[in-house]
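Enquirer: If you scroll down you'll find the structure; I have some questions about it.
There are 2 protein chains.
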Amino acid sequence: MAKAKRILKWQRDPEGMRLRILEAAKQEFAAHGLAGARVDRIAEKAGANKRMLYYHVGNKEDLYLEVLEGTYEKIRAEERTLDLEHLDPPEAIARLIDFTWNYFLRNPEFLALLNTENLARAKHLKRSTKVKSMHSPFVEMIRAVVTRGVESGNFRAAVDPVQLYISIAALAFFYLSNSATLSVIFGRDLLKKEARDERLDHMIALVLAALTGKSTAAFGRMEMPTLQPVEHQVM
Amino acid sequence: MAKAKRILKWQRDPEGMRLRILEAAKQEFAAHGLAGARVDRIAEKAGANKRMLYYHVGNKEDLYLEVLEGTYEKIRAEERTLDLEHLDPPEAIARLIDFTWNYFLRNPEFLALLNTENLARAKHLKRSTKVKSMHSPFVEMIRAVVTRGVESGNFRAAVDPVQLYISIAALAFFYLSNSATLSVIFGRDLLKKEARDERLDHMIALVLAALTGKSTAAFGRMEMPTLQPVEHQVM
DNA sequence: ACAGTATTTATCCAACGGGTTAATTTCTGT
DNA sequence: ACAGAAATTAACCCGTTGGATAAATACTGT
Numbered sequence: 001m002a003k004a005k006r007i008l009k010w011q012r013d014p015e016g017m018r019l020r021i022l023e024a025a026k027q028e029f030a031a032h033g034l035a036g037a038r039v040d041r042i043a044e045k046a047g048a049n050k051r052m053l054y055y056h057v058g059n060k061e062d063l064y065l066e067v068l069e070g071t072y073e074k075i076r077a078e079e080r081t082l083d084l085e086h087l088d089p090p091e092a093i094a095r096l097i098d099f100t101w102n103y104f105l106r107n108p109e110f111l112a113l114l115n116t117e118n119l120a121r122a123k124h125l126k127r128s129t130k131v132k133s134m135h136s137p138f139v140e141m142i143r144a145v146v147t148r149g150v151e152s153g154n155f156r157a158a159v160d161p162v163q164l165y166i167s168i169a170a171l172a173f174f175y176l177s178n179s180a181t182l183s184v185i186f187g188r189d190l191l192k193k194e195a196r197d198e199r200l201d202h203m204i205a206l207v208l209a210a211l212t213g214k215s216t217a218a219f220g221r222m223e224m225p226t227l228q229p230v231e232h233q234v235m
Numbered sequence: 001m002a003k004a005k006r007i008l009k010w011q012r013d014p015e016g017m018r019l020r021i022l023e024a025a026k027q028e029f030a031a032h033g034l035a036g037a038r039v040d041r042i043a044e045k046a047g048a049n050k051r052m053l054y055y056h057v058g059n060k061e062d063l064y065l066e067v068l069e070g071t072y073e074k075i076r077a078e079e080r081t082l083d084l085e086h087l088d089p090p091e092a093i094a095r096l097i098d099f100t101w102n103y104f105l106r107n108p109e110f111l112a113l114l115n116t117e118n119l120a121r122a123k124h125l126k127r128s129t130k131v132k133s134m135h136s137p138f139v140e141m142i143r144a145v146v147t148r149g150v151e152s153g154n155f156r157a158a159v160d161p162v163q164l165y166i167s168i169a170a171l172a173f174f175y176l177s178n179s180a181t182l183s184v185i186f187g188r189d190l191l192k193k194e195a196r197d198e199r200l201d202h203m204i205a206l207v208l209a210a211l212t213g214k215s216t217a218a219f220g221r222m223e224m225p226t227l228q229p230v231e232h233q234v235m
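These protein sequence lines map, in sequence, to chains A and B. For the first sequence, our numbering begins at 1 and goes up steadily by one. For the second sequence, our numbering begins at 1 and goes up steadily by one.
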């Protein structure tokens, strides 16, 4: 025959395929949102056929929910390894802030996915049974730190742990998630190394100052940036 | 004739039409994002024909940019009326926080539109000449407050005004923009009246405590919520 | 009145995009 | 070996959607 027998056809790899699909979907949903994501692109990025998505996961929305659940699972899992119990309360909070900040930096898709889900008013997340259950321990972890902080006299008031965590997440999330528009309107690159370092200092200083009522070493650094001619600094 | 002459046909109203189109587009883009927005729905909501969008504004992306610019213009315009110069620095900051919070509450489309634009990495905003220019005065307004606060001895450190504003916006923006997912994962309704009031107190207390180093009346209230059995409180 | 222009309506269409059908190929147990 | 199941491919279907064309209708100045 003119056409020789094809040498390498394909091998089966259901688990690998599934993972590649989910990873590709995560990238695609994060980059374009739910409506903007293209099933064909996901298939292509996964090195697969579009039919595979439906075979291994389900339709577009199922795919999306699975990605979202995996995303939450990942961050909460990493947080569990933080070992805050053995740190001084202020240290523990600083560590939580540091971790959150760096996690968001390392995982920009997380931010985008959450925004996408909130645009949908958490329609999909509400259907998820997995996600709801994984947050009580996390809240308790923070509550324990706060309680210790109050008892040891380090913290002035026993803040609501949910409120506190939302604030910590907010300071990091908003800065990074909105860095594109903020960089444009304020005319400076918020993602460059120095800006990032400065932001982390600022966040830790802000939260610890409020909790402890004392100025920290880091807080002192808040003075420095102001002296720079901050406006019109081209990106 | 069986079919009588149509009584009311239609009147011309170019300006009104344009406004209705932009308002409808704002709602649509905010509700569904750029990719999810439907040109037909915008036309319908505006009480217009789809052709009108193209006649009065341009294609979908032009429409989107115009909405976005209008959105920024509106918030910055309202901020200019805040009159922070005549307030005590801590009062001025509290007022800015209060305003920002309530503006976000009153204008949820603003949050959604910014998120959408950040998903697109500010691609459209970068094309806009209008938007960039309107922010220097705003930053200066905040800088002036901070400077006065330091001079009067109210504030411990001269924080970078951009950094400070980003933090203020972050505390309000993230809470509201992500209220859907946060309400699900923490199992409580973050948008109900008491929760909103509590949040505003918390934000003001947090920022002022960090700036002034002193506990405020509002900060005392941070203690209360913790005593509630916060977990598993059904929405 | 009436001609010319501005505004609005009524259709149409080509491309796209999610999802499906059916055929093909690899793997597994016996 | 081989039958049946699992995994993968190729091709197609059909409603949707952004955008375009052309015709109709209201307004304006003269």
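In this text, a Cβ means the ideal position worked out from N, Cα and C, and glycines have one as well.
Report the residues of the stretch 117–141 of chain B with a CB closer than 7 Å to any CB of chain A, ordered along the chain.
Expert: Residues are counted here when their Cβ sits less than 7 Å from a Cβ of chain A; for the stretch 117–141 of chain B these are E117, N118, L119, R121, A122, L125, K126, V131, K132, H135, S136, V139, given in chain order.
Enquirer: Between which two residues does the alpha helix (DSSP H) containing A170(B) stretch?
Expert: Start at 1 with the first residue of the second sequence, and residue 170(B) comes out as number 170. First-last of the alpha helix (DSSP H) with A170(B): 161–177.
Enquirer: Contact between the stretch 139–158 of chain A and the stretch 46–62 of chain A: three or more CB pairs below 8 Å?
Expert: Touching, no, given that fewer than three Cβ pairs across the two stretches are closer than 8 Å.
Enquirer: Please confirm whether A35(A) and E28(A) have their CB atoms less than 8 Å apart.
Expert: Residue numbering aside, residue 35(A) sits at position 35 when the first sequence is read from its first letter. Residue numbering aside, residue 28(A) sits at position 28 when the first sequence is read from its first letter. No, the Cβ-Cβ distance between A35(A) and E28(A) is not below 8 Å.
Enquirer: Locate the alpha helix (DSSP H) running through A30(B), then write down its first and last residues.
Expert: Walking along the second sequence from the start, residue 30(B) turns up at place 30. Taken as a continuous stretch (DSSP letters only), the alpha helix (DSSP H) holding A30(B) covers 14–36.
Enquirer: For a cutoff of 8 Å on Cβ pairs, would you count I42(A) as touching chain B?
Expert: Taking the first residue of the first sequence as 1, we reach residue 42(A) at position 42. Cβ-Cβ to chain B under 8 Å: no for I42(A).
Enquirer: What residue range is occupied by the uninterrupted alpha helix (DSSP H) comprising S133(B)?
Expert: Position 133 of the second sequence, counted from the first residue, corresponds to residue 133(B). Element bounds for S133(B): 129–133.
Enquirer: Could one say the Cβ of N115(B) lies closer than 8 Å to chain A's Cβ atoms, at least one of them?
Expert: Here residue 115(B) refers to the residue found at position 115 of the second sequence. It does: the Cβ of N115(B) has a partner Cβ on chain A nearer than 8 Å.
Enquirer: Tell me which same chain residues have a C-beta within less than 8 Å of the C-beta of E69(B), skipping the five on either side of it?
Expert: Indexing the second sequence from 1 puts residue 69(B) at position 69. These residues qualify, in order along the chain: S128, K130, V131.
Enquirer: Go ahead and label G149(B) buried or exposed: buried means 16 or more other beta carbons lie within 10 angstroms of its beta carbon, across all protein chains shown.
Expert: Translated into positions along the second sequence, residue 149(B) becomes position 149. Buried is the call here.
Enquirer: Measuring CB atoms only, is the stretch 105–120 of chain A touching the stretch 19–33 of chain A, in the sense that at least three cross pairs come out at less than 8 Å?
Expert: yes
Enquirer: Within 10 Å of its beta-carbon, does A77(A) have 16 or more other beta-carbons around it, so buried, or fewer, so exposed?
Expert: Within the first sequence, numbered from 1, the residue matching residue 77(A) stands at position 77. By the neighbour-count rule (16 or more Cβ atoms within 10 Å), A77(A) is not buried but exposed.
Enquirer: Which word fits T81(A), buried or exposed, when buried means at least 16 other C-beta atoms lie within 10 angstroms of its C-beta?
Expert: Along the first sequence, one-based indexing puts residue 81(A) at 81. By the neighbour-count rule (16 or more Cβ atoms within 10 Å), T81(A) is not buried but exposed.
Enquirer: Leaving out five residues on either side along the sequence, give the residues of the same chain with a beta carbon under 8 Å from the beta carbon of S183(A).
Expert: Counted from its first residue, the first sequence places residue 183(A) at position 183. Hits under 8 Å: D189, L190, L191, M235.
Enquirer: Can you check whether the C-beta of T226(B) is within less than 8 Å of a C-beta belonging to chain A?
Expert: One-based indexing of the second sequence puts residue 226(B) at position 226. Confidence in T226(B) is poor, its pLDDT being 33 and thus under 50, which makes the residue's placement too unreliable to answer from.
Enquirer: Using the beta-carbon of each residue, which ones in chain A are nearer than 7 Å to T181(B)?
Expert: Counting from one through the second sequence, the residue named residue 181(B) turns up at place 181. What T181(B) touches in chain A: L114, E117, N118, A122, L125.
Enquirer: Which same chain residues, not among the five before or five after I168(B), have their C-beta less than 7 Å away from its C-beta?
Expert: Working through the second sequence from its first residue, we reach residue 168(B) at position 168. Around I168(B): L96, I97, T100, V207.
Enquirer: Under 8 Å by Cβ, that's how I've got H135(A) and F186(B) pegged, so tell me the actual separation to the nearest angstrom.
Expert: Taking the first sequence and counting its residues from 1, the one referred to as residue 135(A) is at position 135. Taking the second sequence and counting its residues from 1, the one referred to as residue 186(B) is at position 186. 6 Å between Cβ atoms; contact.
Enquirer: First and last residue of the alpha helix (DSSP H) that includes D197(A)?
Expert: What you label residue 197(A) is simply residue 197 of the first sequence in a count that begins at 1. Counting along the chain, the alpha helix (DSSP H) containing D197(A) begins and ends at 193–212.
Enquirer: Take the Cβ of N102(B) as the centre, count every other Cβ of all protein chains shown within 10 Å, and call the residue buried at 16 or more, exposed below.
Expert: As a first step, residue 102(B) is located in the second sequence; it is residue number 102 there, counting from the start. With a 10 Å radius around the Cβ and a threshold of 16 neighbouring Cβ atoms, N102(B) comes out exposed.
Enquirer: Let me confirm a value: L53(B) is counted as buried when at least 16 other C-beta atoms fall within 10 Å, else exposed. Which label applies?
Expert: Here residue 53(B) corresponds to residue number 53 of the second sequence, with the count starting at 1. Around the Cβ of L53(B), a 10 Å sphere holds 16 or more other Cβ atoms; the residue is buried.
Enquirer: Is the beta carbon of A48(A) sitting closer than 8 Å to the one on I21(A)?
Expert: Translated into the one-based positions of the first sequence, residue 48(A) becomes position 48. Translated into the one-based positions of the first sequence, residue 21(A) becomes position 21. Result yes, Cβ atoms of A48(A) and I21(A) sit closer than 8 Å.
Enquirer: Identify whether F155(A) lies in helix, strand or coil by the three-state DSSP scheme.
Expert: Position 155 of the first sequence, counted from the start, is the residue given in the question as residue 155(A). Residue state, collapsed to three classes: coil.
Enquirer: Taking the continuous alpha helix (DSSP H) assigned at E44(A), which residues delimit it?
Expert: Walking along the first sequence from the start, residue 44(A) turns up at place 44. It spans 39–45 - the alpha helix (DSSP H) in which E44(A) sits, taken as one unbroken run.
Enquirer: Express the C-alpha separation of L63(B) and M203(A) in angstroms, rounding to a whole number.
Expert: The sequence position of residue 203(A) within the first sequence is 203, counting from 1. The sequence position of residue 63(B) within the second sequence is 63, counting from 1. The straight-line gap from Cα to Cα measures roughly 37 Å.
Enquirer: If you draw a straight line from the alpha carbon of Y175(B) to that of A92(A), how long is it in whole angstroms?
Expert: Sequence index remark: in the second sequence, residue 175(B) carries index 175 (1-based). Sequence index remark: in the first sequence, residue 92(A) carries index 92 (1-based). Taking the straight line joining both Cα atoms gives about 23 Å.
Enquirer: Can you tell me where the alpha helix (DSSP H) with L65(B) in it begins and where it stops?
Expert: As a working mapping, residue 65(B) is identified with position 65 in the second sequence. L65(B) -> alpha helix (DSSP H) spans 60–80.
Enquirer: With a threshold of 8 Å between beta-carbons, can Y54(A) be considered close to chain B, or not?
Expert: Within the first sequence, numbered from 1, the residue matching residue 54(A) stands at position 54. No, because no Cβ of chain B sits closer than 8 Å to the Cβ of Y54(A).
Enquirer: Count the other CB atoms, across all protein chains shown, that sit within 10 Å of the CB of R156(B); report buried if there are 16 or more and exposed otherwise.
Expert: As a first step, residue 156(B) is located in the second sequence; it is residue number 156 there, counting from the start. It is buried - the Cβ of R156(B) has at least 16 other Cβ atoms within 10 Å.
Enquirer: Using 10 angstroms around the beta-carbon of R106(A), count the other beta-carbons present and answer buried if the total reaches 16, otherwise exposed.
Expert: Stepping through the first sequence from its first residue, residue 106(A) is reached at position 106. By the 10 Å Cβ count, R106(A) comes out exposed.
Enquirer: Straight-line CA distance for E85(B) to E79(B)?
Expert: The count along the second sequence starts at 1 and reaches residue 85(B) at position 85. The count along the second sequence starts at 1 and reaches residue 79(B) at position 79. Using only the alpha carbons, I get a separation of about 12 Å.
Enquirer: Got a sec, what are the start and stop residues for the alpha helix (DSSP H) R51(B) sits in?
Expert: Counting from one through the second sequence, the residue named residue 51(B) turns up at place 51. Per DSSP, R51(B) belongs to the alpha helix (DSSP H) from 50–56.
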